[in-house]
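Enquirer: Residue 12 is where the sequence shown starts when you use the working numbering, and the numbers rise one by one after that. Even for Gly, the Cβ is constructed at its ideal location relative to N, Cα and C. From a predicted model like this one, the values you see are computed outputs, not experimental measurements.
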Amino acid sequence: MQVRNIPNLLTVIRILLVAPLIYVLLQEDYFFALWIILVAGASDGLDGFLAKHYRWQSRLGSILDPLADKLLLISSFIVLAWLGHLPYWLVLLALGRDLAIVLGGFAYHFLVGPFEMEPVPLSKLNTLCQILLVVAIMISQLPELDIPQLTGWLIYLVALTTLLSGIQYIWHWGGQAWRASRTRKAHPESRRQRPETTNHG
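1) Using the rule of at least 16 other Cβ atoms within 10 Å of the residue's Cβ for burial, across every protein chain shown, is Y99 buried or exposed?
2) Please report how far the alpha carbon of T209 lies from the alpha carbon of A53, in whole angstroms.
3) May I ask you to report which of helix, strand or coil DSSP gives W67?
4) As a quick exercise: from W67, I26 and D40, pick the residue whose alpha carbon is nearest that of V14.
5) Out of I181, L165 and L94, which one is the CA nearest neighbour of V131?
6) For F88 and G107, I'd like the C-alpha separation in whole angstroms.
7) Who are the Cβ neighbours of L36 in its own chain at under 8 Å, not counting the five residues just before and after it?
8) CB G72 to CB P18, shorter than 8 Å?
9) Alpha helix (DSSP H) containing D274: first to last residue?
10) Less than 8 Å between the CB atoms is what I'm expecting for V169 and L101, so what's the real figure, rounded?
11) Is the CB-CB distance between L144 and S176 below 8 Å?
12) Hey, out of W184, L20 and Y167, whose CA is closest to L122's CA?
13) Is the CB-CB distance between L83 and L28 below 8 Å?
14) Which residue's Cα is closest to the Cα of I24: I48, H120, F42 and S192?
15) Counting only runs that start and end within the stretch 77-155, where is the alpha helix (DSSP H) found for 4 or more residues in a row?
16) State the DSSP-derived secondary structure class of Q13, mapped to helix, strand or coil.
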């Protein structure tokens, strides 16, 4: 294995942690689940640092990294809702936003041209809020820790950032599609839009 593939290996490890995370959550072993989330978070930070610092970014990594984050968060959301710690409407809202982004990406690719999805600022905030919510729920279920209940306001913060980030995606990529459409109409002979470059963390 080449050294430059270490970030991708760490990302694959995060994906492999999804199954044990689901299992321990269903067993309501929140202490172990919290450790899995912390290990996943540490590996996420490490692979991002290595990829940027040593310029080990790759096309595969740009796909696997957000996929690993989504699998961990969405699976946590679904199981926590099943256990009664999260409202189902929040899970459906998060799933609906992600599905809309994926479908919008496919539509953009086929109707406008190839591109590389770059997270909008509110999307990064939304991911952070989702992580904080999952961690807060797990900590609140540990009997040895007497902490104030934080999940109530975090649920509504996640809902708000989910909606706003979805709107920002539509505004940003809808605007890109509109400008590309106008350019093609003004210059019919021009070739399809080249992919935009982006940095992935």
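Expert: Quick look at the numbers:
1) Classification for Y99: exposed.
2) Any answer about T209 is weak, because its pLDDT of 41 lies below 50 and its placement is not dependable; what the coordinates show is given next. Each residue's alpha carbon lies about 23 Å from the other.
3) Residue state, collapsed to three classes: coil.
4) Of the candidates W67, I26 and D40, the one whose C-alpha sits nearest the C-alpha of V14 is W67.
5) Out of I181, L165 and L94, I181 has the C-alpha closest to the C-alpha of V131.
6) Each residue's alpha carbon lies about 13 Å from the other.
7) A distance below 8 Å between beta-carbons, with the five flanking residues on each side excluded, links L36 to the following residues of its chain, in chain order: A44, S87, V90, L91 and L94.
8) Going by C-beta atoms, G72 is nearer than 8 Å to P18.
9) Because the chain in this structure spans residues 12 to 212, residue 274 falls outside the shown range and cannot be described.
10) Right, their Cβ atoms sit about 6 Å apart.
11) Their beta carbons are not under 8 Å apart, which means L144 does not touch S176 by this criterion.
12) The shortest C-alpha separation from L122 is found at W184.
13) With contacts defined by Cβ atoms closer than 8 Å, L83 and L28 form a contacting pair.
14) Closest option to I24, Cα to Cα, is I48.
15) With a minimum length of 4 residues, the continuous alpha helix (DSSP H) runs that stay inside the stretch 77-155 are 99-122 and 132-151.
16) Residue state, collapsed to three classes: coil.
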